[in-house]
Amino acid sequence: MLNIIKSDLYRVFRGKAIYIVIALILVLAAVSCFAMSPGHIGIASSSIEQTDYDNEELLEKVYETDSILETREIMKEYGSFPLDKALLGANSNLYYFFIVVVVIVLVTDLSNSTVKNTLSSAISRKKYYFSKLITSIGLGTFLILINNYGSYLINLLMNGQEFSAGILEITKLTVLQLPILYGIISLLVCIGFCFRKTGTFNSVTIPLIIVIQLIIMGVSTLFHFDSTNLLNYEFQYIIGNLVADPTNAYLLKTFVLAIFYIITFNVIGYRVFKKTEIK
Amino acid sequence: MQEIVLQTNNLTKKYKNFVALDHANITIHKGDIYGLIGRNGAGKTTLMKTVTTLTNKTGGSFSLFGSEEELTESKRRIGCLIESPAFFGNLTAFQNLKYYAIQKGIVNDQQIEKVLKTVDLYKEKNKKFKNFSLGMKQRLGIAFAILDHPDFIILDEPINGLDPIGIKEIRDTLKKLNEEEKITILISSHILSELYLIANHFCFIDKGRILKDLSKEELDLECSKCIVIKTKEVKKAAVLLEKEFKTTNYKVIDHTEIRLYDFLEDIAKINKIMLANDVEITGIFESGISLEDYFDSLIREGVKEC
Numbered sequence: 001m002l003n004i005i006k007s008d009l010y011r012v013f014r015g016k017a018i019y020i021v022i023a024l025i026l027v028l029a030a031v032s033c034f035a036m037s038p039g040h041i042g043i044a045s046s047s048i049e050q051t052d053y054d055n056e057e058l059l060e061k062v063y064e065t066d067s068i069l070e071t072r073e074i075m076k077e078y079g080s081f082p083l084d085k086a087l088l089g090a091n092s093n094l095y096y097f098f099i100v101v102v103v104i105v106l107v108t109d110l111s112n113s114t115v116k117n118t119l120s121s122a123i124s125r126k127k128y129y130f131s132k133l134i135t136s137i138g139l140g141t142f143l144i145l146i147n148n149y150g151s152y153l154i155n156l157l158m159n160g161q162e163f164s165a166g167i168l169e170i171t172k173l174t175v176l177q178l179p180i181l182y183g184i185i186s187l188l189v190c191i192g193f194c195f196r197k198t199g200t201f202n203s204v205t206i207p208l209i210i211v212i213q214l215i216i217m218g219v220s221t222l223f224h225f226d227s228t229n230l231l232n233y234e235f236q237y238i239i240g241n242l243v244a245d246p247t248n249a250y251l252l253k254t255f256v257l258a259i260f261y262i263i264t265f266n267v268i269g270y271r272v273f274k275k276t277e278i279k
Numbered sequence: 280m281q282e283i284v285l286q287t288n289n290l291t292k293k294y295k296n297f298v299a300l301d302h303a304n305i306t307i308h309k310g311d312i313y314g315l316i317g318r319n320g321a322g323k324t325t326l327m328k329t330v331t332t333l334t335n336k337t338g339g340s341f342s343l344f345g346s347e348e349e350l351t352e353s354k355r356r357i358g359c360l361i362e363s364p365a366f367f368g369n370l371t372a373f374q375n376l377k378y379y380a381i382q383k384g385i386v387n388d389q390q391i392e393k394v395l396k397t398v399d400l401y402k403e404k405n406k407k408f409k410n411f412s413l414g415m416k417q418r419l420g421i422a423f424a425i426l427d428h429p430d431f432i433i434l435d436e437p438i439n440g441l442d443p444i445g446i447k448e449i450r451d452t453l454k455k456l457n458e459e460e461k462i463t464i465l466i467s468s469h470i471l472s473e474l475y476l477i478a479n480h481f482c483f484i485d486k487g488r489i490l491k492d493l494s495k496e497e498l499d500l501e502c503s504k505c506i507v508i509k510t511k512e513v514k515k516a517a518v519l520l521e522k523e524f525k526t527t528n529y530k531v532i533d534h535t536e537i538r539l540y541d542f543l544e545d546i547a548k549i550n551k552i553m554l555a556n557d558v559e560i561t562g563i564f565e566s567g568i569s570l571e572d573y574f575d576s577l578i579r580e581g582v583k584e585c
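In order, the protein sequence lines correspond to chains P and E. First residue of the first sequence? That's 1 in our numbering, and the numbers climb one at a time after it. First residue of the second sequence? That's 280 in our numbering, and the numbers climb one at a time after it.
Set out below in structure tokens:
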């Protein structure tokens, strides 16, 4: 298993994709730090993501301007707040980088049929599956660390200590976010093993995060119930909520949900792969 | 007794209602170059994919190096090129082999260089796979198959789409591997004439069924020009051939048939002598066909002799 992981890392770091991803993460962190405003994906976002500057007047001013420089001035005038912590609240953006990781580690291998070279040698499907999962999670963790500590350092350099939550807080939040991020990587790995073609994989995974929110909001509108409770357990909301000092009960529930994701998606992924004919 | 490298026992693969492999029985001995011949869709690739566990069998069993149970361990001793060669387009020939060398636990880069030299790709080692010609891709596939010093290599249509020079190069490489490194080879093709030049054992397959499994000598006998003598008194006829025609160049096929490879112009004379010596002849005729015609006749007859 270790040899497969080593060979994948050899291949991944000989390609350009991983370096482009790292560069993009750092550029996005730098832009967010400079604008002093974390961006997010999806059609709805956790309100807690912006708790640290929830002054209505301020938000109005920020929304009125379309200049990053002006935004920066407004935010600085408002006073200190932990920007790096708020940036971590927008970590659902990492989802798209995880897609790239799963494509380069797994889907390319399945899509190119190079998987048959591996499986026709002394490597079982079980070993192959778990090697790919571990490599994806390992590279995912690597990107999370680059993103979180990169954001922390860039913020420190650009905005100074008064806009930072401190390295210990960043480390704590990173640890809290890891389980649900691993659950999401497991989901992507599962989709990769189910569809096996790069085009199909991308067309399923790229809109997925938005589609899930749309479904929740659509169903709640249709049946007239408050979607907030449900949305609080949606991936983007969890990521945002986890950086906003949630209750222990919420932490436990999201942790259980993450474990449920990891187990369920990997059981499905492995069972599908075990029966798959390798082409 | 020669070691059995691969043995299948009623190996079957079904896709819903379609039987891709139908109770296939083959035995490959150490040192063989075993040619698997069949039309497109005959079941050659399915057989190879089943024994390499790329697809799950529906029925029957198979053993590699005498073991049915420890397939993963046995697979350490085989190298494969199934269907078209697949590698990472953005990596060079060397990097592609390095990737698989790491997987197989090969730490010495010299082994990669050695196999690249064997398939005459050493000069192209830094060229990206996506820029390779079909022939180069096939040769890289063979380099991958022999990367880990296998005892047995399985090659699925390795000469597909190659020009005559490319075909000859691959043929020479495979013969060299068989003779010098004692590697047993299972090779499939639908180009009978080419396979004839490489293999020493042949297996004809159609619609998932093994039609005939025979050695090169047996195939030569089946296809060479001869006089087929059909009689119920095979022993008496054989004695007569030796006594009257002073020849031993004949073969008793079964208890009703003798094939005589001499005196091809003397059918009438042979018939007359047999009758004169009270050997009842039920049929006597000249036979001998090309490999293609032989294969065609096997398919038409649907003969199943294993």
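Glycine residues also receive a C-beta, built at the ideal position from the N, C-alpha and C atoms.
With a 10 Å radius around the Cβ and a threshold of 16 neighbouring Cβ atoms, E/L333 comes out buried. With respect to the C-alpha of E/F524, the residue from E/D541, E/L453 and E/E536 having the closest C-alpha is E/D541. In the DSSP assignment, E/Y529 forms a beta bridge with E/L539. The DSSP-derived three-state label of E/E460 is coil. Interface annotation, P/S7: in contact with chain E, CB-CB separation under 7 Å. Under a 10 Å Cβ-count criterion, P/F201 is classified as buried, with 16 or more other Cβ atoms of the shown protein chains found around its own Cβ.
Residue contact check for P/G199 against chain E: no CB pair falls below 7 Å. With its beta carbon at least 7 Å from every one in chain E, P/S203 lies outside the interface. The C-beta of E/T526 comes no closer than 7 Å to any C-beta of chain P. Under the DSSP definition of a beta bridge, E/N288 partners with E/S340.
In the DSSP annotation of this structure, the continuous segment of the beta strand (DSSP E) that includes E/A303 starts and ends at F297 to A303.
Three or more beta-carbon pairs separated by less than 8 Å link the stretch 113 to 129 of chain P to the stretch 382 to 389 of chain E, which places the two stretches in contact. Shortest Cα-Cα distance from P/I104 to any of P/L133, P/I216 and P/V31 involves P/L133. Residue pairing of E/F564 in beta bridges, as defined by DSSP: E/V507.
For P/S113, the closest Cβ of chain E is nearer than 7 Å. Taking C-alpha positions only, E/R355 is separated from E/K393 by approximately 19 Å. Using a C-beta cut-off of 8 Å, the stretch 74 to 91 of chain P makes no contact with the stretch 191 to 209 of chain P, since fewer than three inter-stretch Cβ pairs fall below that distance. Interface with chain E (7 Å Cβ-Cβ cutoff): P/Y10 is included. Secondary structure of E/F366 (DSSP, three-state): coil. DSSP places E/L434 in the uninterrupted beta strand (DSSP E) bounded by F431 to D435. Residue pairing of E/C359 in beta bridges, as defined by DSSP: E/I433. Here the alpha carbons of E/L285 and E/P429 stand approximately 14 Å from one another. For P/K116, at least one C-beta of chain E is nearer than 7 Å to its own C-beta. For the stretch 334 to 348 of chain E, the residues whose beta carbon sits under 9 Å from a beta carbon of chain P are, in order, T334 and N335.
When E/D485, E/K323 and E/F373 are compared, the shortest CA-CA separation from E/P437 is found for E/K323. Each residue's CA atom was taken as its position, placing E/V398 and P/N266 some 41 Å apart. Counting the other Cβ atoms within 10 Å of the Cβ of E/Y378 gives 16 or more, which makes it buried. When CB distances to chain P are screened at a threshold of 8 Å, the residues of the stretch 383 to 402 of chain E falling below it are K383 and G384, in chain order. Contact check for E/G414 against E/L441 passes: the beta carbons are separated by less than 7 Å. Cβ proximity to chain P below 7 Å picks out F423 from the stretch 421 to 436 of chain E. Below 8 Å, too few C-beta pairs join the stretch 293 to 303 of chain E and the stretch 214 to 228 of chain P to call them touching: fewer than three. Nearest to E/E362 by C-alpha distance, out of P/S113, P/R125, P/S131 and P/N232, is P/S113.
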